[in-house]
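Trainee: In this text, residue positions in the sequence shown follow UniProt numbering: the first is 1, and each later residue adds one. The structure's right below; bear with me while I get my questions together.
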Amino acid sequence: MTGTVGDSALQELRGALAGRLLRPGDAGYDDARSLFNAMVDVRPAAIAQCTDVTDVRTAIAHGRAHGIPTAVRSGGHSVAGSSTVEDGLVIDVRALKGVTVDPQARTARCGAGVTWGEFDAVTQQHGLATTGGRVSTTGVAGLTLGGGSGWLERKHGLSCDNLRAVELVTADGEHLRASADEHPELFWALHGGGGNFGVATAFEFDLHPVGPEVIAGLMLWPGERGSEVTQLLRAEIEGGAPEELALAVVYLTGPPEPFVPESLRGRLCCGLAFLWAGDDHAAGLAQAEPFRALGPAVDLVGPMPYTQFQSMIDDPPGLRNYWTGDYLDALPDEALDLFVENSERMPVPSACQAILFPWGGAVARNGGEGTPMAKREATWVCHPFALWEQAADDAAHISWARAASADLKRFASGGVYLNFIGDEGSGRVRAAFGESYDRLARVKATYDPDNFFHFNQNIEPASAQPTA
Ligand SMILES: Cc1cc2nc3c(=O)[nH]c(=O)nc-3n(C[C@H](O)[C@H](O)[C@H](O)COP(=O)(O)OP(=O)(O)OC[C@H]3O[C@@H](n4cnc5c(N)ncnc54)[C@H](O)[C@@H]3O)c2cc1C
1 MTGTVGDSAL
11 QELRGALAGR
21 LLRPGDAGYD
31 DARSLFNAMV
41 DVRPAAIAQC
51 TDVTDVRTAI
61 AHGRAHGIPT
71 AVRSGGHSVA
81 GSSTVEDGLV
91 IDVRALKGVT
101 VDPQARTARC
111 GAGVTWGEFD
121 AVTQQHGLAT
131 TGGRVSTTGV
141 AGLTLGGGSG
151 WLERKHGLSC
161 DNLRAVELVT
171 ADGEHLRASA
181 DEHPELFWAL
191 HGGGGNFGVA
201 TAFEFDLHPV
211 GPEVIAGLML
221 WPGERGSEVT
231 QLLRAEIEGG
241 APEELALAVV
251 YLTGPPEPFV
261 PESLRGRLCC
271 GLAFLWAGDD
281 HAAGLAQAEP
291 FRALGPAVDL
301 VGPMPYTQFQ
311 SMIDDPPGLR
321 NYWTGDYLDA
331 LPDEALDLFV
341 ENSERMPVPS
351 ACQAILFPWG
361 GAVARNGGEG
371 TPMAKREATW
381 VCHPFALWEQ
391 AADDAAHISW
401 ARAASADLKR
411 FASGGVYLNF
421 IGDEGSGRVR
431 AAFGESYDRL
441 ARVKATYDPD
451 NFFHFNQNIE
461 PASAQPTA
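Here's what the structure looks like:
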């Protein structure tokens with residue numbers, strides 16, 4: 001026993017769980033403790049691999065009774081590393097699998113350990129989908145509780161907008177169902193308030209007809225054409241592009257793939273991610289024409305399975321990550337030029353990316369008092385993120401992402417999407433919720449008055465009387 005958590009307390013927990021309790025030295029411990037972000041090299045005292053709701057309740061009760069710092073983990077994609085804790089307890093819900101679809105009602109229910117790839121694979125058997133992450137390995141749980149930004153959002157809203165219910169275990173061990181009719185304040189808070197209110201065990205979503213075949217894909221140009229591509233993207237969006245159309249400009253290093261010409265491999269490229277989520281494929285192909293007219297060096301846009309597009313920009317795990325981002329209310333020339341110039345300064349070759357994508361449509365429509373996330377009327381989201389291999393290169397990559405963000409701050413609306421940033425302090429958490437922060441703090445006081453769940457973008461419990 002090297003840490004401060006008592007050995008007997010953990011032996012007791014091991015005996016009480018149906019799932020495994022992994023401790024340093026146990027087979028599988030190192031795999032189980034690793035997160036997507038390789039910068040997070042944390043050694044918990046124990047990882048409780050919960051197999052059911054009872055295990056989750058047992059782990060919470062144990063963590064509380066013994067004063068063990070406790071984190072909650074699903075897909076492990078927290079860039080901040082908030083789903084693990086040094087010398088503490090990790091409640092790991094990855095074994096809570098299962099996706100069931102009611103095709104008539106167009107709803108789905110899934111366990112909290114499901115990834116978006118697993119979720120999409122089942123719903124697409126019925127030609128249905130909901131807004132999910134842009135990378136198939138991300139967890140449904142962390143992404144949805146933090147809001148959930150994905151390609152379908154302009155048409156169908158964020159992932160959390162499609163929630164029908166969340167089942168969760170609260171700090172006092174109650175397993176409850178939050179929906180519009182049951183614990184409505186809690187349900188409201190779960191639309192972006194993250195893992196602050198308990199351990200989610202299952203989610204229910206509304207689904208929409210999408211695919212299984214869609215018009216989608218990537219286009220690539222040499223980096224120096226990026227300004228033209230970004231200007232065209234802005235013109236298309238400001239010209240009223242339909243909500244079925246998802247677009248993003250993505251600066252990246254040309255990958256060593258057979259479909260990428262030799263001249264672009266290892267060089268800065270400007271890409272366009274394109275998805276037409278409507279059922280009229282001819283209309284979707286027509287939307288690609290203005291971009292085709294710019295003569296992309298790579299053009300993969302065409303009919304493809306929705307599930308293929310959903311995994312098309314999957315990043316490899318095991319890289320070091322630094323992420324940040326901001327909302328913009330408008331994209332004047334000066335802001336567009338800054339985005340382009342900063343993207344051109346990206347370390348190349350590397351796995352870094354700078355993404356600019358439009359909001360609006362259902363993201364804005366579903367904002368307001370119905371959700372705690374502030375400033376959803378933003379029209380653009382700018383999201384530089386650095387990925388690299390060696391610790392010796394940390395400073396260069398982090399400073400690129402920070403500078404790219406800092407330069408654009410004067411155009412930023414002040415709002416922020418917390419899933420796209422690391423730990424940037426309590427001020428950013430407040431900024432993400434604006435006037436809703438105090439209401440969230442009251443919900444927190446009701447369901448987690450001692451702030452047991454604080455390894456997250458933390459909302460501190462209000463000291464005022466809790467609300468029911
Ligand atoms: C490669 C990559 C791609 C991404 N793409 C997108 C994207 O397209 N859109 C987007 O919106 N975000 C995206 N993100 C950000 C992602 O949404 C967040 O990192 C999210 O927290 C990941 O959820 P997870 O379950 O995988 O993570 P975890 O690391 O397991 O969890 C992160 C946090 O979520 C909370 N949490 C997780 N599970 C539970 C649970 N069962 N109950 C209560 N709280 C829980 C906890 O607070 C935990 O600290 C991406 C991240 C990465 C690394």
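For every residue, glycine included, the Cβ atom is placed at its ideal position computed from N, Cα and C.
Per DSSP, Arg109 is paired with what?
Mentor: Thr100 and Glu204
Trainee: What does Gln49 pair with, by DSSP beta-bridge criteria?
Mentor: Asp92
Trainee: To the nearest whole angstrom, what separates the beta carbons of Val348 and Leu418, a pair I think is in contact under 8 angstroms?
Mentor: About 29 angstroms; that fails the 8 angstroms criterion.
Trainee: Comparing C-alpha positions only, which one of Ala45, Gly360 and Gly195 sits nearest to Phe29?
Mentor: Checking the sequence, you will find Tyr at residue 29 rather than Phe. Checking every option, the nearest Cα to that of Tyr29 belongs to Ala45.
Trainee: Quick check: Cys50 and Val93, are their CB atoms within less than 8 angstroms of each other?
Mentor: yes
Trainee: Could you check whether the segment 389-408 touches the segment 438-450, counting it as contact only if at least three pairs of C-beta atoms, one from each stretch, sit closer than 8 angstroms?
Mentor: no
Trainee: Given this structure, state the Cα-to-Cα distance separating Arg14 from Phe203, to the nearest angstrom.
Mentor: Looking at the two C-alpha atoms, the distance is approximately 27 angstroms.
Trainee: With DSSP as the reference, label Ser159 as helix, strand or coil.
Mentor: helix
Trainee: For Ile355, which residues of its own chain have a beta-carbon under 6 angstroms away from its beta-carbon, when the five flanking residues on both sides are left out?
Mentor: Ala248, Val250 and His383
Trainee: Between which two residues does the beta strand (DSSP E) carrying Val72 extend?
Mentor: Thr70 to Arg73
Trainee: For Gln310, does the count of other Cβ atoms within 10 angstroms reach 16, so buried, or fall short, so exposed?
Mentor: Flag for Gln310 reads buried.
Trainee: Report the partner residues of Trp221 according to the DSSP bridge assignment.
Mentor: Cys270
Trainee: When the Cβ atoms of the segment 304-324 are set against those of the segment 213-220, are three or more pairs found closer than 8 angstroms?
Mentor: Flag = yes, the segment 304-324 and the segment 213-220 touch.
Trainee: Taking 8 angstroms as the threshold, find out whether the segment 361-374 comes into contact with the segment 279-298 through three or more Cβ pairs.
Mentor: Flag = no, the segment 361-374 and the segment 279-298 do not touch.
Trainee: Say the cut is 7 angstroms; is the CB of Val458 nearer than that to a heavy atom of ligand 1?
Mentor: The sequence given here has Asn at residue 458, not Val. No - ligand 1 has no heavy atom lying nearer than 7 angstroms to the Cβ of Asn458.
Trainee: Would the beta-carbon of residue 474 fall within 8 angstroms of that of Leu233?
Mentor: In the structure displayed, the chain extends from 1 to 468; residue 474 sits before or after that span and is not available.
Trainee: May I ask which residues mark the beginning and end of the alpha helix (DSSP H) holding Gln11?
Mentor: Asp7 to Ala16
Trainee: Once the 5 residues before and after Asn456 are set aside, which same chain residues still bring their CB inside 7 angstroms of it?
Mentor: Counting only Cβ-Cβ distances below 7 angstroms, and skipping sequence neighbours, we find Ser82, Gly194, Gly195 and Asn196.
Trainee: Just checking Gly193 against ligand 1 - is the residue's beta carbon closer than 7 angstroms to any of the ligand's heavy atoms?
Mentor: Gly193 has its CB no nearer than 7 angstroms to any heavy atom of ligand 1.
Trainee: Along the chain, where does the alpha helix (DSSP H) containing Leu245 start, and where does it finish?
Mentor: Per DSSP, Leu245 belongs to no alpha helix (DSSP H); it is in the beta strand (DSSP E), Leu245 to Thr253.
Trainee: CA-CA distance, Gly63 and Pro24?
Mentor: The alpha-carbon atoms of Gly63 and Pro24 are separated by roughly 18 angstroms.
Trainee: Does ligand 1 have even one heavy atom less than 7 angstroms from the beta-carbon of Asn162?
Mentor: no
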